[in-house]
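Right, one structure below, let's go through it.
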Amino acid sequence: MTGKGFASLVARRGLIAVFLFSGAAAAEGTISGLVSVAGGAGTSLQGTIIRIQELGREASADRDGRYQFSGVPAGSYKLSAQYLGANEVVESITVADKADTAKDFVLGDASVKLKQVLVVGQLAGQAGALNRQRAADNIKTVVDFDAINQYPDQNVAESLQRLPGLSVARDQGEGRFVVIRGLDPALNAATVNGVRVGAPQNDTRAVNLDVIATDLLEGLEVTKTLTPDLDGDGIGGNIEIKTATAFDRGNSFSLRTEGSYNDQREIISPRLAATATRLLSLAGKNDFGVSGGVSYFRRRFGSDNIETAGFPFLEAPDGSEVPGLEEGEQRDYTITRERLSTTLNFDWRPSTDNQYYLRTLYSSFEDDEVQQTTLYGFDQGEVSALDDNGGQFLGAEVQKEASARIETQRIFTAALGAKHNFGPWHLDYVAAQSVSNEKNPNSQTNLFVGEGFDLGYSLNSRRKPLLFGLDDSVLNADNYALDEIEFESTKTEERETSFALNLKRDLSFGGYPGHVQVGGKARIRKKTNEGELSLYDGFGDDDVLLSAYANNGIRYPLGNFGPGVDTGRLRSFFNAGRDGFEVDAAESAIGSRGGDYRIDEDIYAGYALAAVDIDALRVLGGVRVEHTDYQALGTQVTIDEVDGDGDPSFAPFTGERQYTDVLPSLHFRYRFSKRLLGRLAYTRALARPGYEDAAPRLSVEVTEDDGEIERVAEAGNPDLKPLRAQNVDLAFEYYPGGVGVISAGAFYKRIKNFIVIADVAGSPGFEAFDEVFQAVNGNTAEVYGLELGYTQSLRFLPSPFDGLLVSANATFVDSQARVPFRDEKTSLPRQSDRVGNLALGYEKYGFSARISATYRSAYLDSFEELDDPRFDRSAASNLQLDFTTSYQLTDYARVYVNLINLNDQPFYAYLGSKRYNSQYEEYGFTGELGIKLNF
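Quick note: to get my numbering, add 7 to the position in the sequence shown (first position is 1).
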């Protein structure tokens, strides 16, 4: 069946189901209205619980603050509105048969300057998030606009790291990918205003959330149990990024200016952000909204690290076998990072039943990076001394490498849609596009090599091995000659166009209110990767010495770095003489063509769901069906020194696959009392294989040595099956009063077709090969865990302690997976057993302060040797402390100070045992001083 035929079938059957159920709709009256803030210029209160006390029915206010009850019997009722952080409001209302009755609620005291919130600052952030979380049909965690601004987080990923069950994978000390419940970030879905976001990088589906700044956001939502109306490819969960609209904030203007200082480089960096929202009157009062914002941050910082290639057993001079270092690297990074984010949103609401909107976001993330590396090649020399604390080697090699690149990642999303209400019918539709790309033009890597050095290393500090020369010759730039220059440009782009339609019908099931809903979605996606490489390895008859291009000003606190490379002067040398340099044609061709691919992936989905309220129980169930049509074109590279001339040959390599997934889900929410909620969910989800794993690429090398023919290969696998998961979640939430919640939840995931890299030599298609590395589907992985959370405003304490706030959460996770190359089970990569957050805040008299800690226990990072766990790379536990404080100067101005990574927490990874360094990296702490203006 074609994708279009599948979509048509789902749509026809779904519409039939809606019309069959529609006859059950009650003919009684309707209650609807708007919940807003007193004196808040039209600002709505999403998540407010509206309850008909006599009937025990409840509804929640949506993002626009609107609520609705259908099928209400004629009569008089008490209607209550409950919002955490505000006093409950109760109103009387009379409903006539077959009539629409309007009842708006205004919460708060208009005589108090409360602006857009009933409570301010830290408390406002907690209140907004908890109200939305409490009202949800499924299990989700929310970060509100106010909470985002209460932490010193640089980007979306860092804002999410403080939620239960979430942690981040960092790059250069800054959060980049979000890990949900210990699962690989590639198993998560990310959306901006409902628009699916692609991955800028070429090798993963994980979305780089450090690209998007936090200044322009209205909120973040992490959905951990998917409902049928959401995309099904989110085993970890779905991360929704919402930007602000004028109907969220009313008429507002905010400005933020800041200076940021990084002690690693002792440089001050500027930051500026501004947002504005405006309600206008076109056909009616305040029926048109415009919202726009821009955020710019130019951050200059750096890091220093030391890395090793492992500690295999080496033979000491006395003949014993000792774990020894074959290769070690000193690395120094200097980075200028520019992040530019903009939003522009338009909303037109000519009536309460009709809405039209355009949402756009553009974000650019540019790293201008210079990486200096000194590589100690101990294995190129002769062992003269070796024990468990260090070693010495004679006649070894040292490489000086420097790369300069400007890498830019961009994300753009646009959604044009509408929502309509026709009595009990609700229709919404949207056309959207997202573009994510990464460009790395004209990067240059320069390699100088020196030989015959006497070298050593010391392990007195196991985390930070000390690399050194036995004499000063290793520090002499005249002893290094230019060996090669690599000049490369790459571009990766993912583009998705989507169309979605949802139709909902309010009705009654045997006297119990509910609704049915159907919908369909088409996602047309294209992913491309292109590269162009020129490798130069000849620069004339005379050696080009490092002394002519040395950089002697490298600050490196982890040892004596010696001379580096002046990348600016060497680029001038390269540009001037490039035409006369010798090119390695074979390696250049492989680098230019071997990694290119194009993937077309079309996804057609349809779903049907129904929800019903049976007294205190809400049940939501349904099924989503997704059909995937995958086609890809890549390259096969062959180097055959036996039957060929040894030069690389290229041929197109194609792959295609079609599959259909049926994804049922069932959600229960039970209200034990006004304060206690219980939730239970069973869901199914999938995750499509990563681009690099599934791309049609094949690299084959055939060599001969003393009559022995060896065939090795590295291959992608277009035949990979998607990961498929069954999920069970149980959660309880207790709201003790005020702004607070105590929560506990357990979850279980059973994941089939887990993907790993394995040696498949001898398998069909590779029978004559000695070694073939390829991504394959493994067996089954299991993940189970417990999430605990506590958030509370301590307003019940006597003054001045009534300004205290506490927020804490802890997640305990375990996993087991079987992989083809090992007998014993292993944990999932990047899964920490323990993740925790603690924040202590104080807010009173215009003063606000908060100290926060984020903790992540050690985790398996990667399999370095497929069949030997002694060489598994793991990351050590990480505890980072941040502090923020601010003071309200006037009604409109607040000055603040942020201290990030206050405890100067480094990153440490090890191989097998903590005794054996894989990577140690220091980032220093960052201080920020700024002022925020809000009007």
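Even glycine gets a Cβ: it sits at the ideal position worked out from N, Cα and C.
Taking C-beta separations shorter than 7 Å and ignoring five residues to either side along the sequence, the partners of arginine 356 in its chain run Asp294 and Gln362, following chain order.
Out of Asp712, Glu929 and Lys939, the CA that lies nearest to the CA of aspartate 270 is found in Glu929. Of the residues Leu62, Gly63 and Phe76, the one whose Cα lies closest to the Cα of aspartate 513 is Phe76.
Following the DSSP letters along the chain, one finds serine 166 in no beta strand (DSSP E) but inside the alpha helix (DSSP H) bounded by residues 163-167. Inter-segment contact for the segment 815-824 and the segment 832-841 is present: three or more beta-carbon pairs are separated by less than 8 Å.
Within the DSSP secondary-structure output, proline 520 pairs in a beta bridge with Ser515. As a beta-bridge residue in DSSP terms, valine 442 pairs with Phe419 and Arg502. If you draw a 10 Å sphere on the C-beta of glutamine 60, you find fewer than 16 other C-beta atoms in it, and that means exposed.
When the Cα atoms are used, threonine 645 and alanine 596 turn out to be separated by approximately 12 Å.
The alpha-carbon separation between glutamate 501 and alanine 421 amounts to approximately 15 Å. Residues of the same chain with a CB within less than 6 Å of the CB of tyrosine 303, apart from the 5 flanking positions on each side, are Leu279 and Leu347 in chain order.
Rounded to the nearest whole angstrom, the C-alpha separation of alanine 253 and leucine 804 is 37 Å.
The continuous alpha helix (DSSP H) containing glutamate 594 extends over residues 592-600.
Annotation for aspartate 478: Asp461 place their beta carbon closer than 8 Å to its own, counting only its chain and skipping 5 residues before and after.
Closest by C-alpha distance to serine 39, out of Gly63, Asn94 and Asp107, is Asp107. Note on geometry: alpha-carbon atoms of glycine 430 and arginine 605 lie some 47 Å from one another. Inter-residue distance for glutamine 89 and glutamate 95 is about 5 Å (C-alpha atoms, whole angstroms).
Distance check between valine 632 and each of Asp650, Gly653 and Ser672 places Ser672 closest, using alpha-carbon atoms only.
Spatial neighbours of glycine 752 in its own chain (CB-CB distance under 6 Å, excluding positions within 5 residues in sequence) are listed in chain order as Ala738 and Glu794.
Contact between phenylalanine 932 and isoleucine 907 holds, since their C-beta atoms are separated by about 6 Å, short of 8 Å.
By alpha-carbon distance to glycine 459, the top candidate from Leu401, Leu489, Asn444 and Arg678 is Leu401.
Listed in chain order, the beta strand (DSSP E) runs fully inside the segment 764-811 are 778-784 and 787-800, counting runs of at least 3 residues.
Contact annotation, glycine 241 with alanine 196: C-beta distance approximately 4 Å; criterion of less than 8 Å satisfied.
Pairing phenylalanine 506 with valine 437, the inter-Cα distance amounts to about 6 Å. Under DSSP, arginine 731 takes part in a beta bridge, and its partners are Leu693 and Lys759. Asparagine 453 sits close to glutamate 408, with the two beta carbons spaced by under 8 Å. If you check the CB distance, valine 842 and arginine 863 come in under 8 Å. Beyond the five residues adjoining it in sequence on each side, glycine 747 comes within less than 7 Å, by CB distance, of Thr798, Gln799 and Ser800 in the same chain, given in chain order.
Annotation: proline 192 to valine 175 spans about 9 Å, alpha carbon to alpha carbon.
If you look at phenylalanine 475, you'll find it in the beta strand (DSSP E) that goes 473-476. In the assembly as shown, valine 218 is a buried residue. Its beta-carbon has 16 or more other beta-carbons within 10 Å. Per the DSSP secondary-structure output, glycine 538 pairs in a beta bridge with Thr497. Annotation for isoleucine 858: the continuous beta strand (DSSP E) segment containing it runs 854-863. The C-beta separation of threonine 250 from arginine 366 comes to about 7 Å, placing the pair in contact by the 8 Å criterion. Per DSSP, the continuous alpha helix (DSSP H) segment holding leucine 577 begins and ends at 574-584.
Assignment of alanine 425 by DSSP, reduced to helix, strand and coil, places it in the strand class.
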